[in-house]
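Peer 1: Following UniProt numbering, the numbering of the sequence shown begins with 1 at its first residue and continues without gaps. C-beta atoms are modelled at their ideal positions from N, C-alpha and C, and glycine is treated no differently.
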Amino acid sequence: MTLTKWERIWRERYPRVPLEVHDVGTDDQRRVVIDHVVDMCFARLPIDRVGLHAIPLYSEVPVVWLSPDHPLATFDTLVTADLAGEKVCYDIDQGSIDLATASAAVLRVPMSVARSRSRRDLVYRPVTDAAPTTVALVWRVDDDNELLDEFIGVVRGRTVNSSRSAQTRTAAPRKGRLGRENTTSRPRKARRPQ
């Protein structure tokens, strides 16, 4: 999955707060959060949610990555039955990629993986009848951290001026046009037209 947009927004809003991004394998997603290796993780569901908060973000169509010379590459889309006689790999490692490039296997991955790691020696085809994978943002239930709340806001699309933003809640009162601090509003006398 690509986090470029969220990384950019975070760096614009919080230039002094580093955002470290780590690649985490699907099998390790829960462990790295529970073991405090990372604060949050974009995880593919299902995941054991005991002790975790999870916000489902979006779903992705699964695709197969295969050699352009593979017989299935002639089709625009595939169904699960098309893969019946194929060796299907699920781990995105060099060995699986080598098998796919040699037409000895196909590699089933989420569409974002195939797009972000585009290769000339592999093409991808959507598997239209396969269940989509859901991507969620997960973090520990016992982790009460204002910066985590801010990152959740970034991911959910909240603006910097959102009432839920800590920046807005802690900002100093803004200066009015006349240089005075804006205070609680009070009724003003109506002006009579002249």
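Flag this pair as yes or no: are the beta carbons of V135 and E60 separated by less than 8 Å?
Peer 2: Residue mapping note: residue 135 aligns to position 135 of the sequence shown, counting from 1. Residue mapping note: residue 60 aligns to position 60 of the sequence shown, counting from 1. Against a cut-off of 8 Å, the Cβ pair of E60 and V135 comes out as a contact.
Peer 1: As a quick exercise: from V141, G157, V155, R158, pick the residue whose alpha carbon is nearest that of D35.
Peer 2: Reading the sequence shown from its first residue, position 35 is the one you call residue 35. Closest option to D35, Cα to Cα, is V141.
Peer 1: Measuring only the C-alpha atoms, how far is P56 from S67?
Peer 2: The residue labelled residue 56 in the question sits at position 56 within the sequence shown. The residue labelled residue 67 in the question sits at position 67 within the sequence shown. Looking at the two C-alpha atoms, the distance is approximately 32 Å.
Peer 1: Can you look up T128 in the DSSP assignment and give me helix, strand or coil?
Peer 2: Locating residue 128 in the sequence shown gives position 128, counting from the first residue. DSSP places T128 in coil when its eight states are reduced to three.
Peer 1: Are the beta-carbon atoms of D48 and R31 separated by less than 8 Å?
Peer 2: Residue numbering aside, residue 48 sits at position 48 when the sequence shown is read from its first letter. Residue numbering aside, residue 31 sits at position 31 when the sequence shown is read from its first letter. Result no, Cβ atoms of D48 and R31 do not sit closer than 8 Å.
Peer 1: Under a three-way DSSP split, which group does R30 fall into?
Peer 2: Counting from one through the sequence shown, the residue named residue 30 turns up at place 30. Residue state, collapsed to three classes: helix.
Peer 1: Give me the Cα-Cα distance between A105 and H22, rounded to the nearest whole angstrom.
Peer 2: On the sequence shown, residue 105 is found 105 positions in, with the first residue counted as 1. On the sequence shown, residue 22 is found 22 positions in, with the first residue counted as 1. Looking at the two C-alpha atoms, the distance is approximately 28 Å.
Peer 1: Just the Cα atoms here: how many angstroms apart are D27 and P15?
Peer 2: The sequence position of residue 27 within the sequence shown is 27, counting from 1. The sequence position of residue 15 within the sequence shown is 15, counting from 1. The straight-line gap from Cα to Cα measures roughly 32 Å.
Peer 1: Using the C-alpha atoms, what's the distance from T159 back to D93?
Peer 2: Within the sequence shown, residue 93 is the residue found at index 93, counting from 1. Within the sequence shown, residue 159 is the residue found at index 159, counting from 1. So the alpha carbons of these two residues sit roughly 38 Å apart.
Peer 1: In whole angstroms, what is the alpha-carbon distance linking R11 and E146?
Peer 2: By 1-based counting over the sequence shown, the position of residue 11 is 11. By 1-based counting over the sequence shown, the position of residue 146 is 146. Answer to the nearest angstrom: the Cα atoms are 16 Å apart.
Peer 1: What's the call for V79, buried or exposed, on a 16-neighbour Cβ count within 10 Å?
Peer 2: Position 79 of the sequence shown, counted from the first residue, corresponds to residue 79. When all chains shown are included, V79 counts as exposed.
Peer 1: Over what stretch of residues does the beta strand (DSSP E) that includes F42 continue unbroken?
Peer 2: Here residue 42 refers to the residue found at position 42 when the sequence shown is read from its first residue. Run containing F42: 40-45, per the beta strand (DSSP E) assignment.
Peer 1: Give me the Cβ distance between P71 and P110, rounded to the nearest whole Å; I'm assuming they're in contact under 8 Å.
Peer 2: For the purposes of this step, residue 71 is taken as residue 71 along the sequence shown, with counting starting at 1. For the purposes of this step, residue 110 is taken as residue 110 along the sequence shown, with counting starting at 1. Incorrect: roughly 23 Å between the Cβ atoms, too far for contact.
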